[in-house]
Structure formats: structure tokens, C-alpha cells
Amino acid sequence: MNFGFDIDDTLLNLREHAFNLYREKLNKHVPIKEFYRLTRVEIHEPFGLTDKEGKELWRSSLESIYYTDCPIFPGALETVKWLKREGHDIYYITARPSQHGERTKKWLSERDFPIDDGNFYYGMKDHEKITIINELNLDYYVDDKPTVLKTLLDSDTTLLLKDQSYNRNFTEAIRLYDWYELKELLDTLP
Numbered sequence: 243m244n245f246g247f248d249i250d251d252t253l254l255n256l257r258e259h260a261f262n263l264y265r266e267k268l269n270k271h272v273p274i275k276e277f278y279r280l281t282r283v284e285i286h287e288p289f290g291l292t293d294k295e296g297k298e299l300w301r302s303s304l305e306s307i308y309y310t311d312c313p314i315f316p317g318a319l320e321t322v323k324w325l326k327r328e329g330h331d332i333y334y335i336t337a338r339p340s341q342h343g344e345r346t347k348k349w350l351s352e353r354d355f356p357i358d359d360g361n362f363y364y365g366m367k368d369h370e371k372i373t374i375i376n377e378l379n380l381d382y383y384v385d386d387k388p389t390v391l392k393t394l395l396d397s398d399t400t401l402l403l404k405d406q407s408y409n410r411n412f413t414e415a416i417r418l419y420d421w422y423e424l425k426e427l428l429d430t431l432p
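First residue of the sequence shown? That's 243 in the numbering used here, and the numbers climb one at a time after it.
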């Protein structure tokens, strides 16, 4: 089978990592509970930043956000490696900018994610992922953003949504709360 995975906030706990970096960079002790209350993807509001200021802080912080010690969600690496050992094809489809694509691929590889040549896609906008996902004829696709999954509702791909505070109102995909539960979920899915 063909499995597709978004990276940020699906396999990697990127936004929480960035939130913690913001706390240090801005020297503001914003309680972590504020992160878990966010109802949108952007993380700057608890720091009192405007959307414009937040966008600029994110852009100027990408190096440290992407390439420091961003944690992998518990069970994500083990699950992807298990799928690969079981003989499934693994695809990574990320909206990370093109200039970060190859370095991201290397970063994931160094952390033992199984990456085959030609199975790593980057540099597209979220809404453009649909073309790649459909061309790959994925059996399963996991993402955190409802805007991406909404574009795939009419496809034959089984959609899984990695649970996040900002996606709780989206009910059209199978919710994945914990990576360790995917093996059991697959036993019940088509």
C-alpha cells in the first residue's frame, strides 16, 4: 500500500517546538496551556503579536524552528518504520519552502526516517498537495490541516487527521490522536 505523510505537526511537533523557541526569543513566559488553546495554526497571538509581526517572526526563525531539536511525536518514527518493514511505500509531502526541502530530507534521514529516492515532495502550497497525492494514488494520507484534507474528500485516499487544537472542528477524516494507535486503526480500515 501507499502511505503519505505530511511532516510538520503530523510527524514532528513543530508548532509546540516553535512556541517554546518564541518564549525564549521574546523572553516572555507564556504558559504552555495557551499553546493548547490555539484555534488556528499560527502561534503568535499569545505573545501579543499582530499577524504581520507573527509572520515575520516565523519567517526569521525558520532555521531554528526546522533544524534544532524539534521533537518527533511519540510513536511516529516507530510507526513509519514499521509500515516500511511491512513492505508499504512511504511518501512525505510537505509544504515546507523549496529552499528547505533537501535539508529537511537529510534532517529526517539522520533521525532514521525511511526515505526512498523519489518519495519526498516539498515546496508546494498546502492546496497544491492534492495534485501530488492524487498522482501517487495514495491509499492513506495523514495531515494536520483540514484545509488540505478538505481538498481530498472526493478522492479514493483514506484520510487521517493528526489531532491538533486547531483542527478539532473537522470531522470528515479519521482522527489520529496517538501514533501508537495507527496499527490498530489499520485493522479496521478498508
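Glycine included, C-beta positions come from ideal geometry on N, C-alpha and C. For clarity, every value in this text was computed on a predicted model and none was experimentally measured.
Please state if the CB of residue j and the CB of residue i are separated by a distance shorter than 9 angstroms.
i      : j      : result
Ile332 : Pro316 : no
Ile314 : Tyr383 : no
Asp386 : Asp248 : yes
Ser397 : Ile372 : yes
His271 : Thr310 : no
Leu424 : Leu394 : no
Phe245 : Leu325 : yes
Leu319 : Asp358 : no
Glu377 : Lys392 : no
Arg301 : Val283 : no
Pick from the options: whose alpha carbon is nearest that of residue i?
i      : options                           : result
Asp250 : Phe412, Leu380 and Trp349         : Trp349
Tyr422 : Ser407, Lys323, Ile335 and Ser340 : Lys323
Lys367 : Thr252, Ala337, Pro288 and Glu287 : Ala337
Tyr264 : Thr413, Leu431 and Ile285         : Ile285
Leu428 : Leu391, Asp381, Asp398 and Arg410 : Asp381
Cys312 : Thr346, Ala415 and Lys297         : Thr346
Phe412 : Glu426, Thr430 and Thr389         : Thr389
Lys267 : Ser303, Ile416, Gly329 and Thr252 : Ser303
Leu223 : Ile274, Thr321, Glu370 and Ile416 : Here the chain has residues from 243 to 432 only, and residue 223 is not among them.
Met243 : Ile274, Pro273 and Asn379         : Asn379
Does residue i pass the burial test, meaning 16 or more other C-beta atoms within 10 Å, or should it be called exposed?
i      : result
Gly360 : exposed
Thr400 : buried
Asn255 : buried
Lys404 : buried
Tyr419 : exposed
Gly290 : exposed
Ile307 : buried
Ile375 : buried
Thr430 : exposed
Within the same chain, show all residues whose beta-carbon is closer than 6 angstroms to that of residue i, passing over the 5 residues directly before and after it, in chain order.
i      : result
Tyr364 : Thr336, Arg338 and Gly343
Ser351 : Ile357
Phe288 : The amino acid at residue 288 is misidentified as Phe; the sequence shows Pro. Result list for Pro288: Val272 and Glu276, in chain order.
Using a threshold of 8 angstroms, is the CB atom of residue i nearer than that to any non-hydrogen atom of the ligand FMN?
i      : result
Leu401 : For the structure depicted, the ligand FMN is absent and the ligand set is empty, with no information on it obtainable.
Can you give me the Cβ contacts of residue i inside the same chain, cut-off strictly under 7 angstroms, excluding the 5 residues immediately before and after it?
i      : result
Phe261 : Phe277 and Ile285
Leu280 : Ser407 and Tyr408
Phe362 : Tyr334 and Lys347
So, for residue i: in the same chain, excluding its five sequence neighbours on each side, which residues have a beta-carbon less than 8 angstroms away from its beta-carbon?
i      : result
Glu295 : His286
Gly329 : none
His369 : Thr389, Val390 and Thr393
Note to self: Please give me, in chain order, every unbroken run of the alpha helix (DSSP H) with length at least 4 that falls completely inside the region 330 to 392.
What the structure shows: With a minimum length of 4 residues, the continuous alpha helix (DSSP H) runs that stay inside the region 330 to 392 are 343 to 352, 371 to 378 and 388 to 392.
Note to self: Suppose only complete runs of 4+ residues qualify. What are the alpha helix (DSSP H) ranges in the region 268 to 323, listed by chain order?
What the structure shows: Listed in chain order, they are 274 to 278 and 293 to 309.
Notebook entry, point to check: For the region 398 to 426, which segments carrying the beta strand (DSSP E) assignment without a break, of at least 3 residues, lie completely within its bounds, in sequence order?
Noted result: Whole beta strand (DSSP E) segments, 3+ residues: 400 to 404 and 416 to 418.
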